[in-house]
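Peer 1: Before anything else, here's the structure in question.
2 protein chains.
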Amino acid sequence: METSQRIQKMGEPALLKYYPLVSEAQKKGKKVYFLNIGQPDIKTPAGFLKSVNCIEQEVLSYQAPEGITELREAACDYYQRLGLDYDSSDLFVTNGGSEALLFTFIGICNAGDEILTAEPLYSIYKEMAAATDVTLVGFKTYAEDGFALPDVSVIEAAITPRTKAILMTNPGNPTGKVFSKAEIEVLVKLAIKHNLYLISDEVYREFVYDNQGYLSPAQYLELSQNFILIDSISKRYSACGARIGFIVSKNKELMGQLKKLVQMRLSVSTVDQIGAISLLKLDSHFFDGILKEYTSRREIVYQALQEIPGVICKEPRGAFYFMAKLPIKNASHFIEWMINEFEYQGETVLLSPANDFYLNPKDGADEVRIAYVLNGDDMKTSMEILKHGLEAYALAFPKQCK
Amino acid sequence: METSQRIQKMGEPALLKYYPLVSEAQKKGKKVYFLNIGQPDIKTPAGFLKSVNCIEQEVLSYQAPEGITELREAACDYYQRLGLDYDSSDLFVTNGGSEALLFTFIGICNAGDEILTAEPLYSIYKEMAAATDVTLVGFKTYAEDGFALPDVSVIEAAITPRTKAILMTNPGNPTGKVFSKAEIEVLVKLAIKHNLYLISDEVYREFVYDNQGYLSPAQYLELSQNFILIDSISKRYSACGARIGFIVSKNKELMGQLKKLVQMRLSVSTVDQIGAISLLKLDSHFFDGILKEYTSRREIVYQALQEIPGVICKEPRGAFYFMAKLPIKNASHFIEWMINEFEYQGETVLLSPANDFYLNPKDGADEVRIAYVLNGDDMKTSMEILKHGLEAYALAFPKQCK
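Residue numbers (our numbering), protein chains in the order written: chain D, 1361 to 1762; chain L, 1361 to 1762.
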């Protein structure tokens, strides 16, 4: 029996594909630190389960496809606190940021249309594009200059008659890049000039270090008809298991069309929506302690990486990932070896190979993504393990090393 | 700004589109009985919220994309009780049956491929097909003979080189049709002969009346590589607001491909999955009382409809819908009028226009779908209102009546 070409084009995200190997390693008693996926160890605010425990509905019924009104209003209040003026007709609740992206791709692109984005990119964009017959077109950014946007002419050269949108991730996953005001204005102007949507995936919005402040294309009113905001509570509130995201736009025609997609799947989880209301009502200071914690973790990882010979990386300005070049030739091979063969005091680490974050799988062969989602002590230990792992790997596979 | 042709091809499901009118009517103090949507009033088993209230996870984390192991195992035990031999590698947990269908369409069809199904059909299949660039091809079935399958030659004539699957809904929504053994064998043989998938949407599996028993193509082992089962806990456990469905197949190659789609959206709601485990562990007798209740509701509606002059319908054999021909020319007009203009003792009913359940919107103009999802008293009252509504409509719009 045949399967479709579009599903065959999809890949298995590298951040998930090692789990069978990991299970084997764990069965042998090896402890594995998971630095491969953005699953924070921060406690989910207690309000979530408290609200859920107060549910008295005898019939757990469908909710409106657009989302529960109170949740949509709580989201608007949250945006208001950020200085963004959205009302509840400007947003739909989605099954995580993932569904918001999937629906955006379907809603703005015909099969064969193109979306332009910076590389390295969040690997799952590639799978969504394949699933929806959209062609992702990349322009490269580089660790060496902190993943700065290339000159506008480079981006503009990649725009074709089939380009429908520019997709930006701010702060960036996997890069930790935070776009400057000048860079955002380049993209805003490009979108308007070429009549493209600008899709801004801001699920890491609060994870911005060094007092840079938060800036979004949402603040440019002249862009409002071209602008689509993708959001999720997963990272901000450490609630990845509650599948609550948002798709937000002031373009009424677009929202009228996207409404058909939310209707198509009838409803988002009632319980998760009720839990999420309490999260969105938390005041903006709730994040202060979390940001302090992540700032400290980032420091720990940065210091540790600086001390490992041959590692190249800049300190990320946002999100909770490092993209680091290691002194090796094939990160996938190294990562598998770390799980299958290596251990340091009975422990090892799982990283993400960076080639998954490029459109051409030959790119990024010597890079890894490190998620600093564990507490400071675990991150210190993990970096110690990585250091010893690289040393042992150099002895075992000298030809695989630089 | 343009939107895609595929989203423009989608429609707004009629079962949802009247809600703004209904809100207006309710604001004026009119009580509305909702017979338009399959939202049962049966209590969700208490085990769901009890399990949820026992959650002690401090971090509400991602679950495996395939679903929580314990839930997948509980589903297998449930299938075992039905005489179906699935193990947990044969199924993925999905965001409701909706996502199971969407992923199936993407996974087996390229843009332009065809899926064959009986009309009238569940209206949302049309929207899923449009969203995924799949062409739905219908063969008609008729209320007059209880929506029996047409002769095999009729179905076979609709198969083209682009046909990838036959999609059946058993029991049927909106028809209430339950496929006979002979009919199922026709479809099983056709699928094998033409190397097609047979997709069986069985979310109403337990809603089978008159002791007919449950029969699924899943019981035909020779079909196992062609067979895809779509399932959901929504109707069976009156848990529509918990978005838990399943996609089930013994075809390992297909499941290997579909795995990429579940990975693409990372996870299904943790809380809903934990709640669902308790539901799937309920023994098969839990449904006895519910079936009795629905049998009684079906009787009430059937008797009432028989007594309204000009109404044509057979008693449905499964699910909880009547497809009824009314003595009117335009059901959409009648339904809107019932909400906007009509009331009987301060109350009215909301029905679904049946043209939404056909591929050609000109079909089914004089038909409505009535969901008997309310208690007996409410169903009696609703039928009373419908009767008075038809009488008043005949006086107000004699030319719109037959």
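Ideal Cβ positions, reconstructed from N, Cα and C, are used throughout, including at glycine. Values in this document were obtained by computation on a predicted structure and should not be read as measured data.
Who are the neighbours of asparagine 1555 of chain L on chain D, taking C-beta pairs under 9 Å?
Peer 2: Numbered from 1 along the second sequence, position 195 holds the residue referred to as residue 1555 of chain L. Near asparagine 1555 of chain L (Cβ distances below 9 Å), the residues of chain D are Met1361 and Glu1362.
Peer 1: Using DSSP's beta-bridge definition, name the partner residues of isoleucine 1590 of chain L.
Peer 2: As a position in the second sequence, residue 1590 of chain L is number 230, starting the count at 1. Answer is L:Asp1561 and L:Ile1607, bridged to isoleucine 1590 of chain L.
Peer 1: Report the start-end ranges of each beta strand (DSSP E) in the stretch 1647-1709 of chain L that is 3 residues or longer and not cut off at the edges.
Peer 2: Considered as a whole, the stretch 1647-1709 of chain L harbours 1681-1685 as its complete beta strand (DSSP E) runs of no fewer than 3 residues, in chain order.
Peer 1: Roughly how many angstroms separate the alpha carbons of leucine 1746 of chain L and glutamate 1701 of chain L, rounded to a whole number?
Peer 2: By one-based count along the second sequence, residue 1746 of chain L stands at place 386. By one-based count along the second sequence, residue 1701 of chain L stands at place 341. So the two alpha carbons sit approximately 13 Å from each other.
Peer 1: Which stretch, first to last residue, makes up the beta strand (DSSP E) that contains methionine 1361 of chain L?
Peer 2: The residue given as residue 1361 of chain L occupies position 1 in the second sequence. Methionine 1361 of chain L -> no beta strand (DSSP E), and no H or E assigned at all.
Peer 1: On a CA-only basis, which of D:Ser1598, D:Gly1605, D:Pro1676 and D:Cys1761 is nearest glutamine 1417 of chain L? Give me that one, please.
Peer 2: Stepping through the second sequence from its first residue, residue 1417 of chain L is reached at position 57. Ranking the options by Cα distance to glutamine 1417 of chain L, first place goes to D:Ser1598.
Peer 1: What residues in the stretch 1402-1422 of chain D bring their beta carbon closer than 8 Å to a beta carbon of chain L?
Peer 2: Residues of the stretch 1402-1422 of chain D that bring their beta carbon within less than 8 Å of a beta carbon in chain L comprise Ile1402, Lys1403, Thr1404, Phe1408, Leu1409, Val1412, Asn1413, Ile1415, Gln1417, Glu1418, Val1419, Leu1420, Ser1421 and Tyr1422, in sequence order.
Peer 1: For the candidate residues L:Gln1399, L:Gly1371, L:Leu1461 and L:Arg1366, whose alpha-carbon lies nearest to that of leucine 1710 of chain L?
Peer 2: What you label residue 1710 of chain L is simply residue 350 of the second sequence in a count that begins at 1. The shortest Cα separation from leucine 1710 of chain L among L:Gln1399, L:Gly1371, L:Leu1461 and L:Arg1366 belongs to L:Gln1399.
Peer 1: Given a threshold of 16 other Cβ atoms within 10 Å of its Cβ, counted over all protein chains shown, does proline 1758 of chain L qualify as buried or as exposed?
Peer 2: By one-based count along the second sequence, residue 1758 of chain L stands at place 398. So proline 1758 of chain L ends up on the exposed side.
Peer 1: Scan the stretch 1618-1648 of chain D for residues whose Cβ lies nearer than 8 Å to a Cβ of chain L and list them as they occur along the chain.
Peer 2: Leu1618, Lys1619, Lys1620, Leu1621, Gln1623, Met1624, Arg1625, Leu1626, Ser1627, Val1628, Ser1629, Thr1630, Val1631, Asp1632 and Gly1635
Peer 1: Tell me the rounded alpha-carbon separation between threonine 1454 of chain L and methionine 1615 of chain L.
Peer 2: For this step, residue 1454 of chain L is matched to residue 94 along the second sequence. For this step, residue 1615 of chain L is matched to residue 255 along the second sequence. Distance between the alpha carbons of threonine 1454 of chain L and methionine 1615 of chain L: 13 Å.
Peer 1: Taking C-beta to C-beta, are glutamate 1479 of chain D and glycine 1498 of chain D nearer than 8 Å?
Peer 2: Within the first sequence, residue 1479 of chain D is the residue found at index 119, counting from 1. Within the first sequence, residue 1498 of chain D is the residue found at index 138, counting from 1. A contact, by the Cβ cut-off of 8 Å.
Peer 1: Along the stretch 1437-1471 of chain D, what residues have a CB closer than 8 Å to any CB found in chain L?
Peer 2: Across the stretch 1437-1471 of chain D, CB contacts with chain L closer than 8 Å involve Asn1455, Gly1456, Ser1458, Glu1459, Leu1462, Ile1466, Gly1467, Ile1468, Cys1469, Asn1470 and Ala1471, in sequence order along the chain.
Peer 1: Counting along the chain, where does the beta strand (DSSP E) carrying tyrosine 1393 of chain L start and finish?
Peer 2: Translated into positions along the second sequence, residue 1393 of chain L becomes position 33. Where tyrosine 1393 of chain L is concerned, the enclosing beta strand (DSSP E) stretches over 1391-1394.
Peer 1: What distance in whole Å lies between the Cβ atoms of cysteine 1673 of chain D and serine 1364 of chain L, which are believed to be in contact at a cut-off of 8 Å?
Peer 2: Within the second sequence, numbered from 1, the residue matching residue 1364 of chain L stands at position 4. Within the first sequence, numbered from 1, the residue matching residue 1673 of chain D stands at position 313. That pair is no contact at about 39 Å.
Peer 1: Measure from the C-beta of proline 1510 of chain D to each C-beta in chain L and report whether the shortest distance is under 8 Å.
Peer 2: Counted from its first residue, the first sequence places residue 1510 of chain D at position 150. Answer no: the Cβ-Cβ gap between proline 1510 of chain D and chain L never drops below 8 Å.
Peer 1: Counting contacts by CB-CB distance shorter than 8 Å, is arginine 1657 of chain L in contact with chain D?
Peer 2: Locating residue 1657 of chain L in the second sequence gives position 297, where the first residue counts as 1. Taking Cβ atoms only, chain D never reaches closer than 8 Å to arginine 1657 of chain L, which makes this a no.
Peer 1: Closer than 8 Å by beta-carbon distance: list the chain D residues that pair up with glycine 1371 of chain L, in chain order.
Peer 2: Counting from 1 along the second sequence, the entry for residue 1371 of chain L is found at position 11. Correct list: Lys1620.
Peer 1: Take aspartate 1325 of chain L as the anchor and find which of L:Met1683, L:Leu1719, L:Pro1721 and L:Leu1750 has the nearest alpha-carbon.
Peer 2: Nothing can be reported for residue 1325 of chain L: it is not among the residues displayed for chain L, which extend from 1361 to 1762.
Peer 1: First and last residue of the alpha helix (DSSP H) that includes glycine 1467 of chain L?
Peer 2: On the second sequence, residue 1467 of chain L is found 107 positions in, with the first residue counted as 1. Glycine 1467 of chain L -> alpha helix (DSSP H) spans 1456-1468.
Peer 1: Is methionine 1739 of chain D close to chain L, meaning its C-beta is less than 8 Å from at least one C-beta of that chain?
Peer 2: Here the question's residue 1739 of chain D lines up with position 379 in the first sequence. Not an interface residue.
Peer 1: Any chance you could list the beta strand (DSSP E) runs of at least 3 consecutive residues sitting entirely within the stretch 1522-1589 of chain D, in chain order?
Peer 2: With a minimum length of 3 residues, the continuous beta strand (DSSP E) runs that stay inside the stretch 1522-1589 of chain D are 1523-1529 and 1557-1561.
Peer 1: For glutamine 1623 of chain L, which residues from the same chain have a beta carbon less than 8 Å from its beta carbon, with the 5 sequence-adjacent residues on both sides left out?
Peer 2: Indexing the second sequence from 1 puts residue 1623 of chain L at position 263. Only Pro1425 meet the Cβ criterion.
Peer 1: Any idea what DSSP makes of phenylalanine 1408 of chain L, helix, strand or coil?
Peer 2: Counted from its first residue, the second sequence places residue 1408 of chain L at position 48. Here phenylalanine 1408 of chain L sits in helix by DSSP.
Peer 1: Using a Cβ-Cβ cutoff of less than 8 Å, which residues in the same chain neighbour lysine 1403 of chain D once the five nearest sequence positions on both sides are dropped?
Peer 2: Numbered from its first residue, the first sequence carries residue 1403 of chain D at position 43. Ser1598.
Peer 1: Going by beta carbon distance, what residues of the same chain come within less than 7 Å of alanine 1374 of chain D, once the five residues before and after it are set aside?
Peer 2: Stepping through the first sequence from its first residue, residue 1374 of chain D is reached at position 14. Counting only Cβ-Cβ distances below 7 Å, and skipping sequence neighbours, we find Ser1483, Ser1712, Pro1713 and Asp1716.
Peer 1: Can you tell me the Cβ-Cβ gap for glycine 1678 of chain D and tyrosine 1569 of chain D, rounded? I've got them flagged as a contact below 8 Å.
Peer 2: Here residue 1678 of chain D corresponds to residue number 318 of the first sequence, with the count starting at 1. Here residue 1569 of chain D corresponds to residue number 209 of the first sequence, with the count starting at 1. Contact flag correct, Cβ pair sits at about 6 Å.
Peer 1: List, in order along the chain, the chain D residues whose C-beta lies closer than 8 Å to that of glutamine 1386 of chain L?
Peer 2: Numbered from 1 along the second sequence, position 26 holds the residue referred to as residue 1386 of chain L. None at all; the shortest Cβ gap to chain D is about 14 Å.
Peer 1: Roughly how many angstroms separate the alpha carbons of arginine 1565 of chain D and asparagine 1530 of chain D, rounded to a whole number?
Peer 2: Start at 1 with the first residue of the first sequence, and residue 1565 of chain D comes out as number 205. Start at 1 with the first residue of the first sequence, and residue 1530 of chain D comes out as number 170. Cα to Cα, the separation comes out at about 7 Å.
Peer 1: Using a Cβ-Cβ distance under 8 Å, would methionine 1528 of chain D count as near chain L?
Peer 2: Mapped onto the first sequence, residue 1528 of chain D falls at position 168. Methionine 1528 of chain D does not count as touching chain L.
Peer 1: Excluding sequence positions up to five away, which residues of its chain have a Cβ less than 8 Å from the Cβ of isoleucine 1466 of chain L?
Peer 2: Looking up residue 1466 of chain L in the second sequence gives position 106. The residues are Thr1492 and Leu1621.
Peer 1: Bridge partners of isoleucine 1730 of chain D, per DSSP?
Peer 2: Translated into the one-based positions of the first sequence, residue 1730 of chain D becomes position 370. Bridge partners of isoleucine 1730 of chain D: D:Phe1682.
Peer 1: Among L:Phe1587, L:Cys1600, L:Gly1601 and L:Ser1594, which one has its Cα closest to the Cα of valine 1608 of chain L?
Peer 2: As a working mapping, residue 1608 of chain L is identified with position 248 in the second sequence. Ranking L:Phe1587, L:Cys1600, L:Gly1601 and L:Ser1594 by Cα distance to valine 1608 of chain L puts L:Phe1587 first.
Peer 1: What would DSSP say about lysine 1612 of chain L, mapped onto helix, strand or coil?
Peer 2: To locate residue 1612 of chain L, count along the second sequence from 1; it is residue 252. Note: lysine 1612 of chain L maps to helix in three-state DSSP.
Peer 1: Residues in its own chain within less than 6 Å of aspartate 1561 of chain D by CB, not counting five upstream and five downstream?
Peer 2: One-based indexing of the first sequence puts residue 1561 of chain D at position 201. So the qualifying residues of the chain are Thr1529 and Ile1590.
Peer 1: Which residues share a DSSP beta bridge with serine 1483 of chain D?
Peer 2: Numbered from 1 along the first sequence, position 123 holds the residue referred to as residue 1483 of chain D. BP columns for serine 1483 of chain D are empty, so no partner.
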